[in-house]
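For the protein sequence lines, the chains are A and B, in the order given. Plus 5 on top of the position in the first sequence (first one is 1) and you've got our numbering. Every letter in the second sequence is one number past the one before it in our numbering, and letter 40, counting from 1, is 34. Okay, so here's the structure we're looking at.
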Amino acid sequence: MAIEKKEMKRVFDEFRALSDEILKPDEPKKDKFIAAFRKMLDKKENWTFWLPIITSLDLCVKCNTCADACPFYTASGKNPKYHPVYRSDMLRRIYKKHFTLSGKIFGSLVGAKDVTEEEINALAESAYRCSVCRRCAYVCPIGVDNGLITRETRKILYELGIAPDEIYHKGTLYQKEYGNATKTPSPAFLNTLEFIKEDLEDEKGIEVEIPVDKVGADYLVINNAGDYFAFLDTIVGQVEVLNAAGIDWTYNTPIENGTNDVVNYGLFFSDKELADIGKLHLEVVKKLKPKTVVVGECGHAYEALKFLYKDIYPEWRNVRVISIIELFDELIRTGKIKVDPEKNPQPVTYHDPCKLGRLGGLYDEPRRILKSVCKDFREMEPNKEMSVCCGGGGGFAIMHKDDFMTFRMETYGKIKADQIRETEAEILALACSNCKGQFREIINWHDLDVEWKGIAELVANALVYD
Amino acid sequence: MDGLQYFVSGIMPYVAIAIFIIAAVYKAIRWGTAPKNLDWELFPVPGSKGKQIAEMLREIIVLHQVYSYNRGIWIQSLLLHYGLYALGIWLVLTVIGVPQVYYLGVLGALCVVAGSLLLLITRLGSAEMRMISSAIQYLNLLLLLATSGLALYSDFFNYRIREYFISILYFSPKTEIFAGNSALLATLFLVEIFVLYLPLSTMVHFFAKYYTWDKIRWGGSAH
Chain A
6 MAIEKKEMKR
16 VFDEFRALSD
26 EILKPDEPKK
36 DKFIAAFRKM
46 LDKKENWTFW
56 LPIITSLDLC
66 VKCNTCADAC
76 PFYTASGKNP
86 KYHPVYRSDM
96 LRRIYKKHFT
106 LSGKIFGSLV
116 GAKDVTEEEI
126 NALAESAYRC
136 SVCRRCAYVC
146 PIGVDNGLIT
156 RETRKILYEL
166 GIAPDEIYHK
176 GTLYQKEYGN
186 ATKTPSPAFL
196 NTLEFIKEDL
206 EDEKGIEVEI
216 PVDKVGADYL
226 VINNAGDYFA
236 FLDTIVGQVE
246 VLNAAGIDWT
256 YNTPIENGTN
266 DVVNYGLFFS
276 DKELADIGKL
286 HLEVVKKLKP
296 KTVVVGECGH
306 AYEALKFLYK
316 DIYPEWRNVR
326 VISIIELFDE
336 LIRTGKIKVD
346 PEKNPQPVTY
356 HDPCKLGRLG
366 GLYDEPRRIL
376 KSVCKDFREM
386 EPNKEMSVCC
396 GGGGGFAIMH
406 KDDFMTFRME
416 TYGKIKADQI
426 RETEAEILAL
436 ACSNCKGQFR
446 EIINWHDLDV
456 EWKGIAELVA
466 NALVYD
Chain B
-5 MDGLQYFVSG
5 IMPYVAIAIF
15 IIAAVYKAIR
25 WGTAPKNLDW
35 ELFPVPGSKG
45 KQIAEMLREI
55 IVLHQVYSYN
65 RGIWIQSLLL
75 HYGLYALGIW
85 LVLTVIGVPQ
95 VYYLGVLGAL
105 CVVAGSLLLL
115 ITRLGSAEMR
125 MISSAIQYLN
135 LLLLLATSGL
145 ALYSDFFNYR
155 IREYFISILY
165 FSPKTEIFAG
175 NSALLATLFL
185 VEIFVLYLPL
195 STMVHFFAKY
205 YTWDKIRWGG
215 SAH
């Protein structure tokens, strides 16, 4: 994957997340940067995160509690540049210099410093060395959120047109234009569903229905569109489980002005893009009127649909959103599906996706499922709220230009590889597309003797038919 | 000397208190009137308001986050915070007129001296902490160390200070209490600096934490 490395200018460290065409490292951008920063500090312009960013910029006491919580910093051998406070201070210094009285009067005494063009380039790259897993925020005694500072930095950069093409141009812009980030037209999507039906019939002898665009269904299930290509086994398992449960459900095509892709990469770098994609989801819900929207195995989408949309679009407050993990848990607990753990006899461990766990609160549901459908469930350590990000979060799972894959694999990836080995599990259960994308690479890169599976695959494999 | 004495003991107390109140109220209004941000919680979120209060009390009383995730600075931080709590209580009890409260003041100041000194040594001794520190982090600790140390040296907690506090409240400051006692006057000056500086500094976390935890980390409502 190291394709553009020689041609790309080094502006922060040995990696590059942003192409030269997007970053334009030789082009002056300070004035625009300061103007965008000012906008970010405006209560009305940035109401979405004004209080969290202001308090995070103002209150850090430099107690260093966040240091050991940051997987990137620790895995890098504590490279000072990757310290979460160092990264935040790259922005905080400018904030103090340009936007605080104390910074203007006392300067470097209070940590204020003006920014150079080179430092803006470095800051732009640095904003893509943090997956916004918010493990540092979880441990902070004050409530300072370095992850948020990273995200707000990305928002400033977006105002300058700077965002990784994988999540912006080929992500949110594709999703808005084509109805999904994979540019899959509806006929191709429907063909995939037809293939799934045939596959289940041929391989398992199971006849299934795959409703599409059904109005008023109990459950509208929206997956990451990339799953239909990259993680089709998860989708096949999902279809089998939903059919076995005999519930009223449906998938959807993008319909008109909508999307059949649950992702919202705007979450990673732009509130405007977040809202734009949210509007596509809202259109679908308005047209199909489901009783519940079910987010497929996708962590960041769960955060967006469950927690963020309701304050952007008041209509969304009437939309019930659950994760497919919650639905599976409910189906098992209520006996709508019968499962036999003996059908998954291998030792299984689970990685808590940051967005489903620390940011979503789903700790018990996946564990109840896995203990029901697997004979030998083993915890990975640390887990739940202290789970370490796999390194696929924040958009990283689909970013691989230059030597970015090395960054992903040798930092976050190295930690996760060691944690998986410790469990001696043969199967790694995953509940998030980005995690799957990252672990697929980790397993190969670190030569792990483990197979990953989506939760749906494990549940489907454990199904018992009457 | 008389002019300086009058300024520090007759005028500065009101300046310090006024700045403290204005800055604290300004920040409380600034944060309190912030538009509701998008939900940005960190789970687990305590399941009820009662549990949230209990968790906050655990933070105040034992600095649980520091204990759990940064044990290396916990004892130092605990000493510093307990010292400040004690001094706060001492101030109130002194004004009320509770006898024997002198010892609480001395104990509080001793804790602040020990805590701030140990934190200073910790910060200076850690390459990682030095790397992320600006001058202001050292100055904050030096201010706490100097103020509490000088308070012990000048016998600031002597029960006679009550007369002065009461006189301040009645807007007729007894500046003569400080006559010929430059150490006591210097202590008062540092106390005033500390009071006016408190809400302007990162030390404002003593009440900012309500916003960062209740409004952001816990989403502003019980779950």
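Just so you know, even glycine gets a beta-carbon here, dropped at the ideal spot from N, CA and C.
Starting from residue i, follow the alpha helix (DSSP H) in both directions and report where the run begins and ends.
| i | result |
| --- | --- |
| R154 of chain B | Per DSSP, R154 of chain B belongs to no alpha helix (DSSP H) and is neither H nor E. |
| I240 of chain A | 237 to 250 |
| V19 of chain B | 6 to 26 |
| R325 of chain A | Unbroken run through R325 of chain A is the beta strand (DSSP E), 325 to 328; no alpha helix (DSSP H). |
| D281 of chain A | 276 to 293 |
| L195 of chain A | 191 to 209 |
| W52 of chain A | Neither: W52 of chain A is in no alpha helix (DSSP H) and is coded neither H nor E. |
| E456 of chain A | Counting along the chain, E456 of chain A falls outside any alpha helix (DSSP H), though it belongs to the beta strand (DSSP E) covering 456 to 459. |
| T428 of chain A | 417 to 428 |
| S128 of chain B | Element bounds for S128 of chain B: n/a, residue is neither H nor E. |
| R52 of chain B | 43 to 56 |
| Q70 of chain B | 68 to 90 |
| F111 of chain A | 106 to 111 |
| H88 of chain A | From DSSP, H88 of chain A is part of no alpha helix (DSSP H); its letter is neither H nor E. |
| P76 of chain A | 76 to 80 |
| P216 of chain A | P216 of chain A -> no alpha helix (DSSP H), and no H or E assigned at all. |
| D316 of chain A | 314 to 317 |
Pop quiz: residue i and residue j are said to be a contact at Cβ under 8 Å. What is the actual Cβ separation, rounded to whole angstroms?
| i | j | result |
| --- | --- | --- |
| V267 of chain A | V290 of chain A | Between V290 of chain A and V267 of chain A the Cβ distance is about 12 Å, and since that is not below 8 Å, they are no contact. |
| R154 of chain B | Q131 of chain B | R154 of chain B to Q131 of chain B, Cβ: 35 Å. No contact. |
| T70 of chain A | Q59 of chain B | 7 Å |
| E157 of chain A | L468 of chain A | So it is not a contact: roughly 45 Å between Cβ atoms. |
| V106 of chain B | I160 of chain B | Between I160 of chain B and V106 of chain B the Cβ distance is about 24 Å, and since that is not below 8 Å, they are no contact. |
| A465 of chain A | G242 of chain A | 4 Å |
| G231 of chain A | A186 of chain A | 7 Å |
| P358 of chain A | G418 of chain A | Not quite, the Cβ-Cβ distance comes to about 15 Å (not below 8 Å), so this is no contact. |
| F172 of chain B | S3 of chain B | 5 Å |
| L144 of chain B | L184 of chain B | 6 Å |
Using 10 angstroms around the beta-carbon of residue i, count the other beta-carbons present and answer buried if the total reaches 16, otherwise exposed.
| i | result |
| --- | --- |
| S392 of chain A | buried |
| L287 of chain A | buried |
| I460 of chain A | buried |
| L163 of chain B | exposed |
| K421 of chain A | buried |
| I8 of chain A | Confidence in I8 of chain A is poor, its pLDDT being 49 and thus under 50, which makes the residue's placement unreliable; the coordinate value appears in the next sentence. Classification for I8 of chain A: exposed. |
| P29 of chain B | exposed |
| K406 of chain A | buried |
| E212 of chain A | exposed |
| Q94 of chain B | exposed |
| F20 of chain A | buried |
| G77 of chain B | buried |
| Y147 of chain B | exposed |
| A12 of chain B | exposed |
| N196 of chain A | exposed |
Taking Cβ to Cβ, would you say residue i is nearer than 8 Å to residue j?
| i | j | result |
| --- | --- | --- |
| T354 of chain A | A80 of chain A | no |
| F274 of chain A | Y173 of chain A | yes |
| G442 of chain A | A127 of chain A | no |
| K35 of chain A | I125 of chain A | yes |
| I154 of chain A | L62 of chain A | yes |
| K181 of chain A | D281 of chain A | yes |
| F194 of chain A | N265 of chain A | yes |
| D223 of chain A | L293 of chain A | no |
| G397 of chain A | V137 of chain A | no |
| E214 of chain A | A41 of chain A | no |
Which residue from the options puts its Cα closest to that of residue i?
| i | options | result |
| --- | --- | --- |
| V115 of chain A | A:D18, A:K102, A:D407 | A:K102 |
| E26 of chain A | A:K14, A:F20, A:K48 | A:K14 |
| K376 of chain A | A:D334, A:D357, A:G397 | A:D334 |
| L237 of chain A | A:G301, A:C65, A:I58 | A:G301 |
| N269 of chain A | A:P295, A:K311, A:P146 | A:K311 |
| E44 of chain A | A:E32, A:I59, A:P33 | For the sequence presented, residue 44 of chain A should be read as Lys rather than Glu. Closest option to K44 of chain A, Cα to Cα, is A:I59. |
| C68 of chain A | B:N175, B:E35, B:L113 | B:L113 |
| G66 of chain B | B:K45, B:S120, B:L51 | B:S120 |
Less than 7 Å separating the Cβ of residue i from some heavy atom of the ligand PLP?
| i | result |
| --- | --- |
| M385 of chain A | Although the ligand PLP was asked about, the structure shown includes no ligands whatsoever. |
List the endpoints of the continuous beta strand (DSSP E) containing residue i.
| i | result |
| --- | --- |
| W34 of chain B | Looking at the DSSP string, W34 of chain B is not in any beta strand (DSSP E), and its letter there is neither H nor E. |
| F382 of chain A | 381 to 384 |
| Y355 of chain A | 352 to 355 |
| V226 of chain A | 224 to 227 |
| L433 of chain A | 432 to 435 |
| T297 of chain A | 297 to 300 |
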